[in-house]
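Residue numbers (my numbering): 2 to 424.
Don't be surprised by glycine CBs; every beta carbon is placed ideally from N, CA and C.
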Amino acid sequence: MKNYQKGKVLAEGKTKRLYRVEGEDYERLVVVESKDDITKNDDPSQTKLMVSKAKFSTATTSIVFELLRKAGIPVAYERRISDTEFLAVNCKMIMLEVVIRRYAVGSYLKRYPNLEKKEGKVPHRFHRLVFELFLKTTGGKIVMKDGEEWGETGVDLKTKRPIDDPIIANPYDDAWVLRHPKIPEWEEDSYIYRQVLKNGFLQRSVTVEKIEEIARRVFLVLEGAWAQLGFRLVDFKIELGIDKDGNLLVADVIDNDSWRLRTDDWKEISKQLFRDNFNMDEIADKYATVADLVTRFAVPKQAIVLWRGSQDDKSLELFELAGIEKIDIVSSGHKSPSACDAESGTDGHHSIFQKRYADDTQYTGAKKSGRLYAQAIFHRRTGQVAEIKINISNKEREQNRSRFFVCGGGGIRTHGPLSGSAS
Numbered sequence: 002m003k004n005y006q007k008g009k010v011l012a013e014g015k016t017k018r019l020y021r022v023e024g025e026d027y028e029r030l031v032v033v034e035s036k037d038d039i040t041k042n043d044d045p046s047q048t049k050l051m052v053s054k055a056k057f058s059t060a061t062t063s064i065v066f067e068l069l070r071k072a073g074i075p076v077a078y079e080r081r082i083s084d085t086e087f088l089a090v091n092c093k094m095i096m097l098e099v100v101i102r103r104y105a106v107g108s109y110l111k112r113y114p115n116l117e118k119k120e121g122k123v124p125h126r127f128h129r130l131v132f133e134l135f136l137k138t139t140g141g142k143i144v145m146k147d148g149e150e151w152g153e154t155g156v157d158l159k160t161k162r163p164i165d166d167p168i169i170a171n172p173y174d175d176a177w178v179l180r181h182p183k184i185p186e187w188e189e190d191s192y193i194y195r196q197v198l199k200n201g202f203l204q205r206s207v208t209v210e211k212i213e214e215i216a217r218r219v220f221l222v223l224e225g226a227w228a229q230l231g232f233r234l235v236d237f238k239i240e241l242g243i244d245k246d247g248n249l250l251v252a253d254v255i256d257n258d259s260w261r262l263r264t265d266d267w268k269e270i271s272k273q274l275f276r277d278n279f280n281m282d283e284i285a286d287k288y289a290t291v292a293d294l295v296t297r298f299a300v301p302k303q304a305i306v307l308w309r310g311s312q313d314d315k316s317l318e319l320f321e322l323a324g325i326e327k328i329d330i331v332s333s334g335h336k337s338p339s340a341c342d343a344e345s346g347t348d349g350h351h352s353i354f355q356k357r358y359a360d361d362t363q364y365t366g367a368k369k370s371g372r373l374y375a376q377a378i379f380h381r382r383t384g385q386v387a388e389i390k391i392n393i394s395n396k397e398r399e400q401n402r403s404r405f406f407v408c409g410g411g412g413i414r415t416h417g418p419l420s421g422s423a424s
């Protein structure tokens, strides 16, 4: 594997540094180095040093990006090169913070106090994830995509500090309305700018629709990964960039600073502890715990199974999905029931699925219901459905209807008319 040497510093933020890579890849790649700084409330005076935070952050973000890449999500991350550094594609960063929320907490409640619950109660849960965009600013300065300064956000009347990272009230409009991120929108003081042109901040190839699509996919992948370990992903903040070919990538970092993460009984284990002024040793312990937990992340093995009763039955053209195997089986339960039983494993032999996934699955039996014969395979580790295999009756087969099933993860999605049920 090629070794890379750091060149000059390209940029430095509150929690990381970016270095140019020496050699032939100097334009394509950068080295991202984490720092031991932990920040809060957009207030530099509250920044503190946390021992080993750079190691915890790099370990967490590296595994998170590797998981996202396995799930087919475009990321700038390339690979980890040291305890505190990783390689990434050199991106033109979009000056937006992209937020997805499953629960109403944090600044959202300052803008919508009507959703706040009493202390000790479970936060309001959004059935459909909430998508929000915040314009990235530093010291209240609004900077466009070409580096030109647009203006300033003004000063917060309470804190007497510049208002940073205003929320975009109408991200799908051509002219953005900027509001204070912590004041209800019905209050007059929430307005900052009423007319900030979107095309001054987004490259031509980038749309808000695409940003939202990627952000939702990222959240659902991470929410599922944490749920398998017994944790609740409350919300997160990510950033995106554009590579030299115009591809939109999830960039920057995704670590324990990026989300609110709670245990099954709602105990916080993320950066929120620092915002809430917990002991620094306890906070460091939680960061170490998260860095260890992410090593257990895995993409469940999944498959699309196409079962046809005859070679004459029309085969479906299935599109490619990241991490999803396609299995095509031709076997008639009417003409060759013994062969189907052998495939299904109901005679005590291993099934085709057990052969393919022997390390992760176990046979759980079969169920007959009318014209439907089904066998489900479950992951030993997660208890979730890995695959289900269907044998349709001859009557159905004669109607020249193929059935296929997308199985794994959180359940089963059935495509095509189906009689009977499987469990």
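Nearest to residue i by alpha carbon, out of the options?
i      : options                       : result
Phe132 : Ala216, Arg80, Tyr27          : Ala216
Lys1   : Tyr173, Ala105, His181        : Outside the displayed range of the chain (2 to 424) lies residue 1, so it cannot be described from this structure.
Leu50  : Ser58, Ile39, Glu240          : Ile39
Lys161 : Glu25, Gly140, Thr48, Gly247  : Gly140
Glu86  : Lys119, Arg112, Leu110, Thr16 : Thr16
Ile74  : Glu283, Arg218, Ala292        : Arg218
Lys3   : Leu158, Arg18, Lys9, Glu25    : Glu25
Leu241 : Leu158, Ser83, Lys111, Phe66  : Phe66
Asn200 : Asp147, Leu110, Lys142        : Asp147
Phe57  : Ile143, Asp282, Tyr288        : Tyr288
Ile1   : Ile169, Asp175, Gln196        : Because the chain spans 2 through 424 in this model, residue 1 falls outside it and cannot be assessed.
Asp246 : Cys92, Gly121, Leu230, Val99  : Cys92
Asn171 : Asp157, Lys159, Glu186        : Glu186
Lys159 : Gly152, Ser191, Thr48         : Ser191
Asp37  : Met281, Met94, Leu110         : Met281
Asp43  : Tyr78, Leu230, Asp157         : Asp157
Ala228 : Tyr27, Val300, Asn278, Arg112 : Val300
I'd like the list of long-range same chain contacts for residue i, defined as Cβ closer than 7 Å, with 5 residues on each side in sequence excluded.
i      : result
Arg103 : Arg126, Phe127, Leu130, Glu224, Leu234, Val235, Asp236
Lys211 : Leu249
Phe298 : Ile64, Leu68, Ala226
Lys118 : Pro124, His125
Thr296 : Ile64
Ser259 : Phe237, Lys238, Ile239
Glu213 : Phe132
Could you give the distance in angstroms between the alpha-carbon of residue i and the alpha-carbon of residue j?
i      : j      : result
Glu326 : Ala72  : 13 Å
Arg21  : Ile101 : 31 Å
Ser108 : Lys268 : 19 Å
Val106 : Phe275 : 16 Å
Thr244 : Val31  : The sequence shown places Asp at residue 244, rather than the Thr named in the question. So the alpha carbons of these two residues sit roughly 12 Å apart.
Ser311 : Ser332 : 6 Å
Ile328 : Val76  : 28 Å
Val52  : Lys272 : 14 Å
Ile330 : Arg81  : 41 Å
Phe220 : Trp151 : 31 Å
Asp286 : Ser206 : 42 Å
Leu230 : Gln47  : 32 Å
Lys142 : Asp253 : 20 Å
Arg112 : Glu283 : 30 Å
Thr208 : Ala60  : 31 Å
Met145 : Ala304 : 44 Å
I'd like the span of the beta strand (DSSP E) that includes residue i, first residue to last.
i      : result
Val331 : 325-331
Gly152 : 150-153
Asp236 : 232-243
Lys302 : It is not in any beta strand (DSSP E) - Lys302 carries neither H nor E in the DSSP assignment.
Thr1   : The question about residue 1 has no answer here: the residues shown for the chain are numbered 2 through 424.
Ser83  : 78-83
Ser206 : From DSSP, Ser206 is part of no beta strand (DSSP E); its letter is neither H nor E.
Gln196 : 192-198
Ser311 : Neither: Ser311 is in no beta strand (DSSP E) and is coded neither H nor E.
Arg126 : 126-136
Ile164 : Segment: none, Ile164 is in no beta strand (DSSP E) and carries neither H nor E.
Leu249 : 249-252
Tyr173 : Segment: none, Tyr173 is in no beta strand (DSSP E) and carries neither H nor E.
Glu86  : 86-90
Who are the Cβ neighbours of residue i in its own chain at under 6 Å, not counting the five residues just before and after it?
i      : result
Gly14  : none
Lys7   : Tyr20, Val32
Arg357 : Here Arg357 scores only 36 on pLDDT, less than 50, and its place in the model is too uncertain to base an answer on.
Counting along the chain, where does the alpha helix (DSSP H) carrying residue i start and finish?
i      : result
Ser58  : 54-71
Val222 : 209-229
Ile101 : Taken as a continuous stretch (DSSP letters only), Ile101 belongs to no alpha helix (DSSP H), being part of the beta strand (DSSP E) at 97-104.
Ser108 : 108-112
Arg276 : 273-276
Could you check how far apart the C-beta atoms of residue i and residue j are, in whole angstroms? I think they sit under 8 Å.
i      : j      : result
Pro167 : Phe135 : 7 Å
Arg29  : Val90  : 7 Å
Ala176 : Gln196 : 5 Å
Asn257 : Val291 : 5 Å
Pro96  : Phe202 : The sequence given here has Met at residue 96, not Pro. The Cβ separation is near 6 Å, so the contact holds.
Less than 8 Å between C-beta atoms, sequence neighbours within five positions excluded: which residues of the same chain meet that for residue i?
i      : result
Lys9   : Tyr20, Arg21
Ile193 : Thr154, Gly155, Ile164, Pro167, Leu179, Arg180, His181
Phe232 : Leu262, Arg263, Thr264, Asp265, Ile270, Leu294
Ala431 : This structure gives no information on residue 431, because the portion of the chain shown stretches from 2 to 424.
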